[in-house]
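If you want the working numbering, it's the 1-based position in the sequence shown plus 418.
Built from N, CA and C at the ideal position, the CB exists for glycine as well.
Please read all numbers here as calculations on a predicted model, not as lab measurements.
Structure first, commentary second.
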Amino acid sequence: QVHIVESGGGLVQPGGSLRLSCAASLNMFNLYTMGWYRQAPGKQRELVAGITGSGSTKYADSVKGRFTISRDNAKNTVYLQMNSLKPEDTAVYYCNSRVDGTPYDYWGQGTQVTVSS
């Protein structure tokens, strides 16, 4: 059974930072594209950042220059460093693991990030 577990969410003031972690119990973790998504109340889930097994990254325009995604294949873990947080970053953040073109597509339960003074 695959387990995707996010951690690191919480309450932070505007301008602050948080680091999210996602640990995945996956064999051959390096083959998976990992992504961070978020869903704010009343809004659709959106891609925040993604990273391929080889380390190629992509970001939503709203977080470019503020968020950094990285992965440690030896630890089966992906990270999202979030700096200069804004109230509009408030959402539940979800970790996704997938191999394109296959049924292997897994989600974590999410971690709440709240940016408020």
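Discussion item. What residue range does the beta strand (DSSP E) around N514 cover?
Written reply: DSSP places N514 inside the beta strand (DSSP E), whose first and last residues are 509–516.
For G434 and V531, which I take to be in contact (beta-carbon distance under 8 Å), what is that distance rounded to the nearest angstrom? Rounded, the Cβ-Cβ distance is 11 Å, inconsistent with contact.
query = How is L503 classed by DSSP in three states: helix, strand or coil?
reply = coil
key: L436, DSSP secondary structure in three states   = strand
- Message: With H, G and I counted as helix, E and B as strand and the rest as coil, what does DSSP make of L465?
- Response: strand
_In the DSSP assignment, the beta strand (DSSP E) including L429 goes from what residue to what residue?_
From DSSP, the beta strand (DSSP E) with L429 extends over 428–430.
TODO: With a cut-off of 8 Å on the beta carbons, I'd call T451 and G468 a contact; round off their distance for me.
DONE: 6 Å
Among F447, G460, Q462, which one has its Cα closest to the Cα of K493? F447
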